[in-house]
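Numbering (the working numbering), first residue to last: 47 to 251.
Below is one structure, written out as structure tokens; comments come after it.
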DNA sequence: AGCACGATTAACT
DNA sequence: GTTAATCGTGCTC
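Structure, rendered in structure tokens:
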């Protein structure tokens with residue numbers, strides 16, 4: 047089975063908007079019991095620095111945000127709403143707190159394992175939300191701070207088929223109910239329009 | 001110590 | 001379209 051090139055630390059050490067855009071089409075791979083589980087990233091959001099009042103780093107360096115201040119290419123995984131884990135990738139050089147949230151995936155590897163973890167849900171809703179991705183791929187706080195750029199890792203990214211500009215949609219980030227402008231409306235959400243993948247509409251966009 | 005709320009999800013009317 | 005679930009985090013007292 048051909049293995050695509052990995053995304054290395056240099057990829058993540060760039061401006062967050064570029065990383066968020068370029069992650070569209072990339073492959074997210076989780077290794078469970080020696081098996082690959084994952085798919086193609088089709089939706090991301092950028093959270094950039096202490097100035098961005100939607101970014102957790104607005105609170106400065108705290109136990110929770112410490113990972114974002116660290117080296118790029120690590121996972122920032124946090125818990126919210128009392129039940130959901132959300133997966134991010136740390137971007138920018140060390141010392142610049144920023145990350146990209148992974149919001150949606152087209153699953154195409156280890157589907158039987160995903161089906162088990164997403165039992166009762168239709169295929170189209172297996173990984174179409176940030177919390178759902180973490181449930182499907184068994185990602186939780188134990189992976190917070192995990193290095194995505196090691197050899198033989200349990201979580202990493204691979205190059206995929208590039209997404210042309212004509213197939214990329216941008217818009218405001220989701221779920222920022224009480225975030226003040228201009229941060230609430232910054233078009234820092236990226237979606238890939240792929241054949242066979244209809245972008246779902248939601249009330250908050 | 002107490003409190004308000006969240007980068008959400010799934011179920012329900 | 002509306003809402004309960006559920007608890008860690010950061011802020012105030």
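Beta carbons: idealized from backbone N, C-alpha and C, even for Gly.
Proximity test, residue i beta-carbon vs the ligand NAD heavy atom, cut-off 7 Å
| i | result |
| --- | --- |
| residue 129 | Here there are no bound small molecules, and the ligand NAD is not part of this structure. |
Start and end residues, beta strand (DSSP E) containing residue i
| i | result |
| --- | --- |
| residue 237 | 235-238 |
| residue 201 | 201-204 |
| residue 256 | For the chain, the structure presents residues 47 to 251; residue 256 sits outside this window and is missing. |
| residue 81 | 81-94 |
| residue 196 | That residue, residue 196, is in no beta strand (DSSP E); it is neither H nor E in DSSP. |
| residue 217 | 214-217 |
| residue 136 | 130-136 |
Contact set for residue i: own chain, Cβ-Cβ below 6 Å, skip 5 residues either direction
| i | result |
| --- | --- |
| residue 193 | 120 |
Residue i (DSSP reduced to helix, strand or coil)
| i | result |
| --- | --- |
| residue 144 | strand |
| residue 74 | strand |
| residue 149 | strand |
| residue 227 | coil |
| residue 107 | coil |
| residue 158 | helix |
| residue 164 | coil |
| residue 232 | coil |
Anticipated Cβ contact below 8 Å, residue i with residue j, distance rounded
| i | j | result |
| --- | --- | --- |
| residue 202 | residue 70 | Incorrect: roughly 17 Å between the Cβ atoms, too far for contact. |
| residue 93 | residue 144 | 6 Å |
| residue 138 | residue 118 | 6 Å |
| residue 176 | residue 209 | Residue 176 to residue 209, Cβ: 19 Å. No contact. |
| residue 133 | residue 87 | With 8 Å as the limit, residue 133 and residue 87 do not qualify as a contact, their Cβ atoms being about 10 Å apart. |
| residue 220 | residue 156 | That belief does not hold up - the Cβ atoms of residue 220 and residue 156 are roughly 27 Å apart, past 8 Å. |
| residue 173 | residue 182 | 5 Å |
Span of the alpha helix (DSSP H), counted from its first residue to its last, around residue i
| i | result |
| --- | --- |
| residue 65 | 62-69 |
| residue 180 | 176-182 |
| residue 113 | 112-115 |
| residue 56 | 55-58 |
Contact set for residue i: own chain, Cβ-Cβ below 7 Å, skip 5 residues either direction
| i | result |
| --- | --- |
| residue 212 | none |
| residue 226 | 99 |
| residue 233 | 216, 217, 218 |
| residue 113 | 120, 122, 136, 190, 191 |
Beta-carbon proximity list for residue i, same chain, < 8 Å, skipping 5 on both sides
| i | result |
| --- | --- |
| residue 50 | 73, 204, 205, 206 |
| residue 55 | 117, 118, 119, 195 |
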